[in-house]
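J.:
Number of protein chains: 2
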Amino acid sequence: MNQPEFRLDGRLEADTHFLLDAPLCRIGLMDDSRFPWLILVPRVPNVREWPDLSTPDQLQLQAEINAAARALQQAFPHGQKLNIAALGNVVPQLHIHVILRHDGDAAWPAPVWNSGQRQPYDDAEAADVLDLLNTALLKNFSD
Amino acid sequence: MNQPEFRLDGRLEADTHFLLDAPLCRIGLMDDSRFPWLILVPRVPNVREWPDLSTPDQLQLQAEINAAARALQQAFPHGQKLNIAALGNVVPQLHIHVILRHDGDAAWPAPVWNSGQRQPYDDAEAADVLDLLNTALLKNFSD
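These protein sequences, in sequence, are chains A and B.
Mapping of the first sequence onto the numbering used here: position 120 corresponds to residue 535, and the numbering continues sequentially without gaps.
Mapping of the second sequence onto the numbering used here: position 8 corresponds to residue 423, and the numbering continues sequentially without gaps.
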């Protein structure tokens, strides 16, 4: 029997800019310039819930969340608070939000979900932020 | 020098019913009868961010999130989706929300935060739910 393949959910693909494939997760930048916001999707087929990941995958996910969080903090030094969440009420494919918040951002202190209109990056902004985050992520993944 | 002591933030204490002290976390039931909603607070002083926990504490937190999630799923078999989140924009003491959601609950499919008025349990309901969850948590912590 063939192994089922990992396929990124179409809505996650449409909403993110690809950043990198870490050992477990595909990491993307949410296309919302209001918040430094990463999405980590474990490349494990048919998993909806974090506790359903195997123990080794949970360990690796924790390491990748740490690296993603550090990368955001280094790339955006005015950030004050991490928000880390797996919700998935709309898109059931397991994905973890890692978002850096600060007092005065577009939703503060409310959560980012259902807080006004998403503001897509323009091309130049997206290129700059992707470059900044790629550098920071690679640094944290090589540590 | 004395070790700083763990003290549960007053707002978390006011908003929850105490359930149990697991090896790492104090676990409480959020006093909102609209959702089966646990709050896990690592008993580590002065930690605001999940990635700032030590590696052993992160491992233990993961195990306790798994146990809390399983307990909710067993106690409320109509649940369909876990929401797991560390936000802390208002209460900075690190605390993890583990919530069981279902299609048609009071906020579905939106996140629970900022979704209408909290509905505190009445005394009889609280006693029943605490009893149900204590049994389920103890079972999952002894596995």
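Heads up, the beta-carbon is just placed ideally off N, CA and C, and yes, glycines get one too.
One question on the structure: do B:L468 and B:A484 come within less than 7 Å of each other, judged by their Cβ atoms?
T.: Walking along the second sequence from the start, residue 468 of chain B turns up at place 53. Walking along the second sequence from the start, residue 484 of chain B turns up at place 69. Taking 7 Å as the Cβ cut-off, B:L468 and B:A484 do not qualify as a contacting pair.
J.: Only counting runs of 4 or more residues, tell me where the alpha helix (DSSP H) segments fall wholly within the segment 512-555 of chain B, in order along the chain.
T.: Listed in chain order, there is nothing to give.
J.: Give the secondary structure of A:G494 by DSSP, where H, G and I count as helix, E and B as strand, and everything else as coil.
T.: In the first sequence, the residue the question calls residue 494 of chain A occupies position 79. Coil at A:G494, not helix or strand.
J.: State the beta-bridge partners of B:H432 as determined by DSSP.
T.: Against the second sequence, residue 432 of chain B aligns to sequence position 17. Bridge partners of B:H432: B:L444.
J.: Cβ of B:K496 less than 7 Å from any chain A Cβ?
T.: As a working mapping, residue 496 of chain B is identified with position 81 in the second sequence. Yes, contact with chain A.
J.: Between B:Q477 and chain A, is any beta-carbon pair separated by less than 7 Å?
T.: Taking the first residue of the second sequence as 1, we reach residue 477 of chain B at position 62. By this cut-off, B:Q477 is an interface position.
J.: Can you tell me whether B:P466 is buried or exposed? The criterion is at least 16 other CB atoms within 10 Å of its CB, across all chains shown.
T.: As a position in the second sequence, residue 466 of chain B is number 51, starting the count at 1. Buried, because 16 or more other Cβ atoms sit within 10 Å of the Cβ of B:P466.
J.: Tell me where the beta strand (DSSP E) around B:V456 begins and ends.
T.: Taking the second sequence and counting its residues from 1, one reaches residue 456 of chain B at position 41. Where B:V456 is concerned, the enclosing beta strand (DSSP E) stretches over 452-457.
J.: List the whole-angstrom C-beta distance separating B:P457 from B:D436, where the pair is believed to meet the contact cut-off of C-beta under 8 Å.
T.: Taking the second sequence and counting its residues from 1, the one referred to as residue 457 of chain B is at position 42. Taking the second sequence and counting its residues from 1, the one referred to as residue 436 of chain B is at position 21. Not confirmed; about 11 Å, so no contact.
J.: In whole angstroms, what separates the C-alpha of A:L434 from that of A:L515?
T.: The sequence position of residue 434 of chain A within the first sequence is 19, counting from 1. The sequence position of residue 515 of chain A within the first sequence is 100, counting from 1. Distance between the alpha carbons of A:L434 and A:L515: 17 Å.
J.: Starting from A:I499, follow its DSSP beta bridges and name the residues at the other end.
T.: For the purposes of this step, residue 499 of chain A is taken as the residue at position 84 of the first sequence. Its beta-bridge partners are A:V513, B:A501.
J.: Given that B:P526 touches chain E, what residues does it touch there, using C-beta distances under 9 Å?
T.: Note that chain E does not occur in the displayed structure, where the protein chains are A and B.
J.: Going by Cα to Cα distance, which pick from A:Q477, A:L547, A:Q532 is closest to A:P451?
T.: If you number the first sequence from 1, residue 451 of chain A lands on position 36. Here the closest residue by C-alpha is A:L547.
J.: How long is the line joining the alpha carbons of B:P460 and B:A501, rounded to whole angstroms?
T.: In the second sequence, residue 460 of chain B corresponds to position 45, counting from 1. In the second sequence, residue 501 of chain B corresponds to position 86, counting from 1. Cα-Cα distance, rounded: 16 Å.
J.: Report all residues from its chain with a CB closer than 7 Å to the CB of B:V390; omit the five preceding and five following residues, and keep chain order.
T.: Because chain B spans 416 through 558 in this model, residue 390 of chain B falls outside it and cannot be assessed.
J.: Expressed to the nearest angstrom, what Euclidean distance is found between the alpha-carbon atoms of B:K554 and B:A486?
T.: Stepping through the second sequence from its first residue, residue 554 of chain B is reached at position 139. Stepping through the second sequence from its first residue, residue 486 of chain B is reached at position 71. About 8 Å.
J.: Can you tell me which of the three DSSP states A:L423 falls into?
T.: For the purposes of this step, residue 423 of chain A is taken as residue 8 along the first sequence, with counting starting at 1. DSSP places A:L423 in coil when its eight states are reduced to three.
J.: Does the segment 420-429 of chain A come within contact of the segment 527-539 of chain A, defined as at least 3 CB pairs closer than 8 Å?
T.: Segments in contact, no.
J.: By the three-class DSSP mapping on this structure, what secondary structure does B:S469 have?
T.: Taking the first residue of the second sequence as position 1, residue 469 of chain B is located at position 54. The answer is coil: DSSP assigns B:S469 none of H, G, I, E or B.
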